[in-house]
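*Asks:* Please see the structure below; I have some questions.
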Amino acid sequence: MKDLRIQKLAELLIQYSTHIQPGEKVLIDTVGEADDLCKAIIEETYQAGGIPFVNVENPVLNAAVVKEASKEFFTSQRKWEELRMKEMDAYIGVRAGKNTYTMKSVPSKQHEMQSTLLWEPVHGQIRVNKTKWVILRYPNDSMAQMAEMPTEDFEDYFFNVCTVDYGKMSKDMDPLVKLMERTDKVRIKGPGTDLNFSIKDIPVIKCSGEKNIPDGEVYTAPVKDSVNGVIRYNTPSPYDGFVFKDMELTFEHGKIIKAVSNDSKRCNAIFDTDEGARYVGEFSFGLNPQIHDAMGDILFDEKIAGSIHFTPGASYDDAYNGNKSAVHWDLVLIQTAAYGGGEIWLDDVLVRKDGLFVIDELKGLNP
8 MKDLRIQKLA ELLIQYSTHI QPGEKVLIDT VGEADDLCKA IIEETYQAGG IPFVNVENPV
68 LNAAVVKEAS KEFFTSQRKW EELRMKEMDA YIGVRAGKNT YTMKSVPSKQ HEMQSTLLWE
128 PVHGQIRVNK TKWVILRYPN DSMAQMAEMP TEDFEDYFFN VCTVDYGKMS KDMDPLVKLM
188 ERTDKVRIKG PGTDLNFSIK DIPVIKCSGE KNIPDGEVYT APVKDSVNGV IRYNTPSPYD
248 GFVFKDMELT FEHGKIIKAV SNDSKRCNAI FDTDEGARYV GEFSFGLNPQ IHDAMGDILF
308 DEKIAGSIHF TPGASYDDAY NGNKSAVHWD LVLIQTAAYG GGEIWLDDVL VRKDGLFVID
368 ELKGLNP
């Protein structure tokens, strides 16, 4: 029997997230095992009149290749991946790896080459800017373990958070977008955190099921040199196969001048990838009403209701602040009472306290 939850998710991806039209080419890019969902997406693509292309990768073999790959390899691979991506109208990325730490044995210099020579030109420049795209995970035993749930319970949770009413969410986001568009000063306060910056004249973008699944965020970017103060993140953050914890960043005139974590040497190496990695490219509110706790997967954690993410590295073209980098590291701070609380002020007005919006026009975004 078909799992109707999978069918509903495939319909959401094709009909809502990417709005596939007759004749459009769709690249279904799967890492790991997600055959049931991939098959359903193919069928929905044909149903919409689109043309599906499928790429399936093995994460263990990917790690083996990247571990010894040369600059020439990444350059060569980039050329044919660029040609393929340029042909596509839409991209659906399904991530179903069974082990978060598969890439941990890959040296950091290899990750850096892959990011700079392959990922950024193909995905950062072409896929993000030139296609309709959406990224999602697929539930498995590994993800259930990360969430500290039995697999069947996690599957129920996964489909619930992925298929919320994005139409309603989108309407509820509009007042927040308007408020942020007329905001200059932002202040974030909480345990170990007191941060100030400006978002004046930077575009504000709502995300309600059309880029990431699960979705639920409204983002902009700080004026590049305006960030001052300290932020202490309280959510574990996997990066290149290593899980960073207790990250604390100190900013002066926009730049990270001090970074400490459970591995300060390793995190500083990431921030030294290029000049832009020590500046911030995104500030975002997490707004998915069904996500409340961190599970060590950024696609879920950055959407936690009552959270923000404040992202060292590249800004998006649609909320551009001038910062370019091969890094885009979504670090999450949860401000609900259960995680220590906190406040967000916009132009000296308290907007959110302990993860809940306190002004009337935004209360529709509270869980």
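Under our numbering, the first residue of the sequence shown is numbered 8, with each subsequent residue one higher.
No residue lacks a Cβ here, since even glycine has one placed at the ideal position from N, Cα and C.
So ILE206 packs on VAL230, CB below 8 angstroms; how close in whole Å?
*Replies:* Residue 206 sits at position 199 when you count from the first residue of the sequence shown. Residue 230 sits at position 223 when you count from the first residue of the sequence shown. Yes, they are in contact, since the Cβ atoms of ILE206 and VAL230 sit about 7 angstroms apart, within 8 angstroms.
*Asks:* Check ILE351 in the structure and name its three-state DSSP category.
*Replies:* For the purposes of this step, residue 351 is identified with residue 344 of the sequence shown, where counting begins at 1. Strand, per DSSP.
*Asks:* What did DSSP end up calling TYR145 once you bin it into helix, strand or coil?
*Replies:* Here the question's residue 145 lines up with position 138 in the sequence shown. Coil at TYR145, not helix or strand.
*Asks:* Compare the C-beta of GLU127 against all C-beta atoms of chain B and say whether one is closer than 8 angstroms.
*Replies:* Absent from the structure is chain B; it holds one protein chain and no more.
*Asks:* For THR82, which residues in the same chain have their Cβ closer than 8 angstroms to its Cβ, ignoring the five residues on either side in sequence?
*Replies:* Sequence index remark: in the sequence shown, residue 82 carries index 75 (1-based). Excluding positions up to five away in sequence, the list reads LEU124.
*Asks:* Should the segment 45-58 be called in touch with the segment 146-159, which here means at least 3 C-beta pairs below 8 angstroms?
*Replies:* no
*Asks:* Of the residues ASP355, GLY349 and LYS32, which one's Cα is nearest the Cα of TYR240?
*Replies:* Translated into the one-based positions of the sequence shown, residue 240 becomes position 233. With distances taken between Cα atoms, TYR240 lies closest to GLY349.
*Asks:* So VAL129 and ARG85 are in contact, right, with Cβ under 8 angstroms, and what is the actual spacing, rounded?
*Replies:* As a working note, residue 129 is residue 122 in the sequence shown. As a working note, residue 85 is residue 78 in the sequence shown. Contact flag correct, Cβ pair sits at about 6 angstroms.
*Asks:* Does the beta-carbon of ASP354 have 16 or more other beta-carbons within 10 angstroms, so that it is buried, or is it exposed?
*Replies:* Position 347 of the sequence shown, counted from the start, is the residue given in the question as residue 354. Exposed, because fewer than 16 other Cβ atoms sit within 10 Å of the Cβ of ASP354.
*Asks:* For ASP325, which three-state DSSP category applies?
*Replies:* As a first step, residue 325 must be located in the sequence shown, where it is residue number 318. In the structure shown, ASP325 sits in a helix (DSSP, three-state: H, G or I).
*Asks:* Note the first and the last residue of the continuous alpha helix (DSSP H) segment covering LYS218.
*Replies:* As a first step, residue 218 is located in the sequence shown; it is residue number 211 there, counting from the start. No alpha helix (DSSP H) holds LYS218; DSSP gives it neither H nor E.
*Asks:* Throw me the rounded Cβ distance for the THR227 and LEU340 pair, which I believe falls under 8 angstroms.
*Replies:* Here residue 227 refers to the residue found at position 220 of the sequence shown. Here residue 340 refers to the residue found at position 333 of the sequence shown. At roughly 16 angstroms, the Cβ-Cβ gap does not stay under 8 angstroms, so THR227 and LEU340 are not in contact.
*Asks:* For TYR286, does the three-state DSSP call read helix, strand or coil?
*Replies:* For this step, residue 286 is matched to residue 279 along the sequence shown. It is coil, neither helix nor strand.
*Asks:* By DSSP, does GLY197 sit in helix, in strand, or in coil?
*Replies:* Counted from its first residue, the sequence shown places residue 197 at position 190. Three-state DSSP puts GLY197 in a strand.
*Asks:* Give the straight-line distance between the Cα atoms of ASP232 and ASN203, rounded to the nearest whole angstrom.
*Replies:* Against the sequence shown, residue 232 aligns to sequence position 225. Against the sequence shown, residue 203 aligns to sequence position 196. Distance between the alpha carbons of ASP232 and ASN203 is about 11 angstroms.
*Asks:* Please classify GLU224: is it buried, with 16 or more other beta-carbons within 10 angstroms of its beta-carbon, or exposed?
*Replies:* Residue 224 sits at position 217 when you count from the first residue of the sequence shown. Classification for GLU224: buried.
*Asks:* Using only the alpha-carbon positions, how far apart do THR257 and MET302 sit?
*Replies:* Numbered from 1 along the sequence shown, position 250 holds the residue referred to as residue 257. Numbered from 1 along the sequence shown, position 295 holds the residue referred to as residue 302. THR257 and MET302: Cα-Cα distance of roughly 25 angstroms.
*Asks:* Where GLU217 and GLY131 are concerned, what is the direct C-alpha to C-alpha distance, given to the nearest angstrom?
*Replies:* Translated into positions along the sequence shown, residue 217 becomes position 210. Translated into positions along the sequence shown, residue 131 becomes position 124. Cα to Cα, the separation comes out at about 17 angstroms.
*Asks:* In whole angstroms, what separates the C-alpha of ASP36 from that of MET187?
*Replies:* As a working mapping, residue 36 is identified with position 29 in the sequence shown. As a working mapping, residue 187 is identified with position 180 in the sequence shown. Looking at the backbone, the Cα of ASP36 and that of MET187 are separated by about 34 angstroms.
*Asks:* Within the continuous alpha helix (DSSP H) that includes ASP304, where are the two ends?
*Replies:* Taking the first residue of the sequence shown as position 1, residue 304 is located at position 297. Segment: none, ASP304 is in no alpha helix (DSSP H) and carries neither H nor E.
*Asks:* Helix, strand or coil: how does DSSP classify ILE209 here?
*Replies:* To locate residue 209, count along the sequence shown from 1; it is residue 202. In the structure shown, ILE209 falls within a coil segment according to DSSP collapsed to helix, strand and coil.
*Asks:* Please list the terminal residues of the continuous beta strand (DSSP E) segment that includes HIS316.
*Replies:* Taking the first residue of the sequence shown as 1, we reach residue 316 at position 309. Residues 314-319.
*Asks:* Which residue's Cα is closest to the Cα of TYR98: LEU363, GLY56, ASN62 and GLY39?
*Replies:* The count along the sequence shown starts at 1 and reaches residue 98 at position 91. Of LEU363, GLY56, ASN62 and GLY39, the residue nearest in Cα terms is ASN62.
*Asks:* Taking buried to mean at least 16 other C-beta atoms within 10 Å of its own C-beta, is ARG134 buried or exposed?
*Replies:* The sequence position of residue 134 within the sequence shown is 127, counting from 1. By the beta-carbon neighbour count (other beta carbons within 10 angstroms, threshold 16), ARG134 is buried.
*Asks:* Roughly how many whole angstroms lie between the Cα atoms of GLY39 and ARG189?
*Replies:* Looking up residue 39 in the sequence shown gives position 32. Looking up residue 189 in the sequence shown gives position 182. Using only the alpha carbons, I get a separation of about 43 angstroms.
*Asks:* By the 10 Å Cβ neighbour count, where 16 or more other Cβ atoms means buried, how is HIS335 classified, buried or exposed?
*Replies:* As a working mapping, residue 335 is identified with position 328 in the sequence shown. Buried, because 16 or more other Cβ atoms sit within 10 Å of the Cβ of HIS335.
*Asks:* For LYS310, is the classification buried or exposed, using 16 other Cβ atoms within 10 angstroms of its Cβ as the cut-off for buried?
*Replies:* For the purposes of this step, residue 310 is taken as the residue at position 303 of the sequence shown. The residue is buried, with at least 16 neighbouring Cβ atoms inside 10 Å.
*Asks:* Would ARG285 and PRO319 qualify as a contact pair, given that the criterion is a beta-carbon distance under 8 angstroms?
*Replies:* The sequence position of residue 285 within the sequence shown is 278, counting from 1. The sequence position of residue 319 within the sequence shown is 312, counting from 1. Yes, Cβ-Cβ distance for ARG285 and PRO319 is below 8 angstroms.
*Asks:* Since ALA326 and ILE209 are thought to touch, with beta carbons under 8 angstroms apart, how far apart are those beta carbons, to the nearest angstrom?
*Replies:* Here residue 326 corresponds to residue number 319 of the sequence shown, with the count starting at 1. Here residue 209 corresponds to residue number 202 of the sequence shown, with the count starting at 1. With a Cβ gap of about 6 angstroms, ALA326 and ILE209 count as contacting.
*Asks:* So what's TRP140 in DSSP terms, helix, strand or just coil?
*Replies:* The residue labelled residue 140 in the question sits at position 133 within the sequence shown. Three-state DSSP puts TRP140 in a strand.
*Asks:* Does the segment 289-300 come close enough to the segment 244-262 to have 3 or more Cβ pairs within less than 8 angstroms?
*Replies:* No: the two stretches stay apart, fewer than three of their Cβ pairs being nearer than 8 angstroms.
*Asks:* Note the first and the last residue of the continuous alpha helix (DSSP H) segment covering VAL234.
*Replies:* Translated into the one-based positions of the sequence shown, residue 234 becomes position 227. Careful: VAL234 lies outside any alpha helix (DSSP H) and carries neither H nor E.
*Asks:* Roughly how many angstroms separate the alpha carbons of LYS178 and MET120, rounded to a whole number?
*Replies:* Within the sequence shown, numbered from 1, the residue matching residue 178 stands at position 171. Within the sequence shown, numbered from 1, the residue matching residue 120 stands at position 113. Spanning the two alpha carbons is a distance of roughly 41 angstroms.
*Asks:* Can you tell me where the alpha helix (DSSP H) with LYS185 in it begins and where it stops?
*Replies:* The residue given as residue 185 occupies position 178 in the sequence shown. LYS185 -> alpha helix (DSSP H) spans 173-188.
*Asks:* Quick one, are the C-beta atoms of ASP270 and PHE249 less than 8 angstroms apart?
*Replies:* Counting from 1 along the sequence shown, the entry for residue 270 is found at position 263. Counting from 1 along the sequence shown, the entry for residue 249 is found at position 242. Yes. Within cutoff.
*Asks:* As an exercise, report each continuous beta strand (DSSP E) stretch of at least 3 residues that is fully enclosed by the segment 63-146, in chain order.
*Replies:* 97-103 and 139-144
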